[in-house]
Structures are given as C-alpha cells and as structure tokens.
C-alpha cells in the first residue's frame, strides 16, 4: 500500500491514475535427508514472546536458530534459518518452509503451521526448517541486483546444502516462493518429494495491475532506481513503507482477511523488520516485477504442467484474496500437474493468519501421499 502510493504518484505524471486499492505488496521421485550445515552462531536477538500469528497461539520456539553463509558472486549473505522438531524415533520426513516474498517477509509466517504439524505427527519423526530469503526477514541485506534468477539460485543452493539422497524433502511455500521452487524443479535443479503452494502468486504488485509493456518497464525502472539510491531512497522508504501506519493499512486492506487480527503488537513486530539497513532493496525489486519467476499466466500454468506425474502438488487458495491474485490461484484449480486444490479462509497470508486451518490441509496432503499415520 505504501510503496504503491509513491508508484502512483510517479505514474500519474504519465497520465496513469490508479487507486491505492490496486496495490498488492504481497502479490504476490528422488528422496532426501538433512545433513549438517556449516554455520556461525546467531547474532540476532529474537523475541519469541511476540505471537507468531494474530490468533495469539503459543509461540513455538525453534529447536535451533542460526545463519548459513550463502556465497553468491561477490557477495556473502548471512541467511537466517530455524529448525523445529520433536524428539521421536523412526524414519524422518523433512519439510522446508519458505515465506512469501513481501515488504515484511519473515520465517515467523510459518511458525504456527510448523507447531501444528509437528504436534499432529504422531509416531512419524517430522522436522521443519524455515528459512528467510536473502535480503529479507532476519537475513542480511546487502545492496544487490535482486531478481528471480538470484532467488532461484538461493533456493537451489540452500536445498542442495541441507539435503542428501536418503530421505524425503517436502517444500511448502507461500506466494512467489512455491512458484520459484516449481521453476527450479521443472529445470531439474531441485527434486523435492512434494510441493505445497499456499496462496501462490507469480506477478509483483505493479506488473499485475499495469502490465509489462516497454513503457511500463521504463517507469518501473525509474521507481526502482529511486528506491535504491543511498539518501533519497532510504528516506522515501522510511516515509512510505517503514512506518506502522502503512504496515497496518496494508494488512487490514488485503493481506489478512480479518482486520481485527492486525493487533498493535503484531504491527510493531513487522515494523521492526523494515528498519534494518538495506531493507528496501528486495521490496523495490519485488514491487516492480524483477522477482517474478514467470511473465504470464500461461507460463505460470506451464510450470505446474511440467511437473505432472513427477511429484504431488497441493495448491491452497483463499476465500479472501484480492481479485487479481485470486484469479491466478483459481486458474490452477483444473491445471495439469496440480494433484489437489483446496480453498481456506484468509487472504494473502493464510498460513500466518489461520495456521491451524492451513496445517490441517497440509497434513491431509501428507497423509494422502506419504501414508502418514496420525
């Protein structure tokens, strides 16, 4: 919402006059086992007293929190991740959970689901790893030219770093995350046992509204360039995005289905994520479409059809998604490659707003495909 206000002012100069309602900042057979990661001790102070969802459920403290040093080109990025598990014996199934890409993306989106699924696991030895994107959440945020290829490289490198060929790796992703994983899987770069796409998206907030013709790409580049500048960019980001009013507005208008779930404590926790140095770089790329894994609905559908018969895929749509986002989710209802399509309450972050409901659908998916015994 906040970024769109600025984008609209830029576009208005070119006689484009959208309304604020158009902005959607959140629009957005091989088996494996986990192996140890070379990491350094966490230096981030995390407050687990803040509920990870607005339903005030008891927060699940991770079994382990740490950083993985991701080396990409000339950059070394400290990528935050956390592990959740119960002490159980027997074969282990590993779930990698990846947050939605957004202004305030964070591993906290998935904590409630991780807690619920692990409590349902019965005799099965489940482990959930939740990882932040580079440049978002609790990861470091260097100034880089972030795009969909960078994010795909990250996903591939992280999965290859933490997995081997002895057990199952399931990937649950929100928004763009599942689409990026699907793109990598279609190329054969990763081979998850299954994918669950929760409120999946493929188009950034501006492209889904204004399209991708050459004139719009020029305007997107202008906006992106301003947001990346050392002085004006940070000042503009602070004014338009990094403030509690803007965050509260976007969550109440279209990110959550129930505005009453957007509590002051929750808004404060998300605001803190926007105050770190470098916070504006990934959102600037996401807003203007650089993180979009495909360029059209046809390509979106082709990703799923390309995986048909190879892995089971669950799509979780939502009842309260913004109109354009819902249309893209609904296009997957009868799509080739989609094993199961369900709809739950919520909008763009159902796994955070209604974690138990989403966890129930995900667990059913595990039962149906992997004979999980409750």
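Numbering (mature numbering (1 follows the signal peptide of the UniProt record, and there is no 0)), first residue to last: -18 to -1, 1 to 356.
Where a beta carbon is used, it is the ideal one built from N, C-alpha and C, also for glycine.
Taking buried to mean at least 16 other C-beta atoms within 10 Å of its own C-beta, is residue i buried or exposed?
| i | result |
| --- | --- |
| residue 247 | exposed |
| residue 134 | buried |
| residue 241 | exposed |
| residue 87 | buried |
| residue 79 | buried |
| residue 259 | exposed |
| residue 250 | exposed |
| residue 90 | buried |
| residue 93 | buried |
| residue 200 | exposed |
| residue 25 | For residue 25, the predicted model reports a pLDDT of 34, less than 50, meaning its position is unreliable; a value from the coordinates is still stated below. Per the 10 Å Cβ criterion, exposed. |
| residue 14 | Confidence at residue 14 is low in this model, with a pLDDT of 33, below 50, so its placement is unreliable and no value can be given for it. |
| residue 68 | exposed |
| residue 64 | buried |
| residue 56 | exposed |
| residue 300 | buried |
| residue 291 | exposed |
| residue 257 | exposed |
| residue 343 | buried |
| residue 193 | exposed |
| residue 280 | exposed |
| residue 361 | Any question about residue 361 goes unanswered here, given that the chain covers just -18 to 356. |
| residue 51 | exposed |
| residue 207 | exposed |
Can you give me the C-alpha to C-alpha distance between residue i and residue j, rounded to a whole angstrom?
| i | j | result |
| --- | --- | --- |
| residue 308 | residue 107 | 35 Å |
| residue 164 | residue 197 | 30 Å |
| residue 136 | residue 58 | 12 Å |
| residue 152 | residue 160 | 11 Å |
| residue 186 | residue 252 | 20 Å |
| residue 347 | residue 312 | 19 Å |
| residue 168 | residue 261 | 31 Å |
| residue 298 | residue 95 | 14 Å |
| residue 182 | residue 155 | 8 Å |
| residue 320 | residue 350 | 14 Å |
| residue 123 | residue 306 | 30 Å |
| residue 243 | residue 335 | 8 Å |
| residue 85 | residue 62 | 17 Å |
| residue 210 | residue 145 | 35 Å |
| residue 205 | residue 83 | 19 Å |
| residue 177 | residue 315 | 15 Å |
| residue 325 | residue 190 | 22 Å |
| residue 345 | residue 99 | 7 Å |
| residue 338 | residue 76 | 19 Å |
| residue 327 | residue 270 | 28 Å |
| residue 302 | residue 295 | 22 Å |
| residue 220 | residue 74 | 44 Å |
| residue 43 | residue 66 | 8 Å |
| residue 109 | residue 174 | 15 Å |
| residue 231 | residue 225 | 10 Å |
| residue 267 | residue 150 | 33 Å |
| residue 238 | residue 330 | 7 Å |
| residue 60 | residue 116 | 8 Å |
| residue 81 | residue 114 | 7 Å |
| residue 120 | residue 255 | 8 Å |
| residue 195 | residue 202 | 11 Å |
| residue 139 | residue 233 | 32 Å |
| residue 264 | residue 118 | 7 Å |
| residue 341 | residue 111 | 15 Å |
| residue 273 | residue 130 | 4 Å |
| residue 142 | residue 293 | 18 Å |
If you follow the beta strand (DSSP E) that residue i is part of, which residue opens it and which one closes it?
| i | result |
| --- | --- |
| residue 248 | Counting along the chain, residue 248 falls outside any beta strand (DSSP E), though it belongs to the alpha helix (DSSP H) covering 246 to 255. |
| residue 108 | 107 to 113 |
Looking only at DSSP bridge pairs, what is residue i linked to?
| i | result |
| --- | --- |
| residue 59 | 52 |
| residue 152 | 77 and 176 |
| residue 325 | 299 |
| residue 46 | 65 |
Alpha helix (DSSP H) containing residue i: first to last residue?
| i | result |
| --- | --- |
| residue 337 | 337 to 352 |
| residue 238 | No alpha helix (DSSP H) holds residue 238; DSSP gives it neither H nor E. |
| residue 261 | Per DSSP, residue 261 belongs to no alpha helix (DSSP H) and is neither H nor E. |
| residue 98 | 90 to 102 |
| residue 229 | 226 to 232 |
Fill in: Uninterrupted alpha helix (DSSP H) stretches inside the segment 271 to 322 (no shorter than 4 residues)
For the segment 271 to 322, the full-length alpha helix (DSSP H) segments reaching 4 residues or more read 279 to 287 and 305 to 312 along the chain.
Worksheet item: Which runs of the beta strand (DSSP E) spanning at least 3 residues fall entirely within the segment 156 to 223, listed in chain order?
Response: Entirely contained in the segment 156 to 223, the beta strand (DSSP E) runs reaching 3 residues are, in chain order, 176 to 180.
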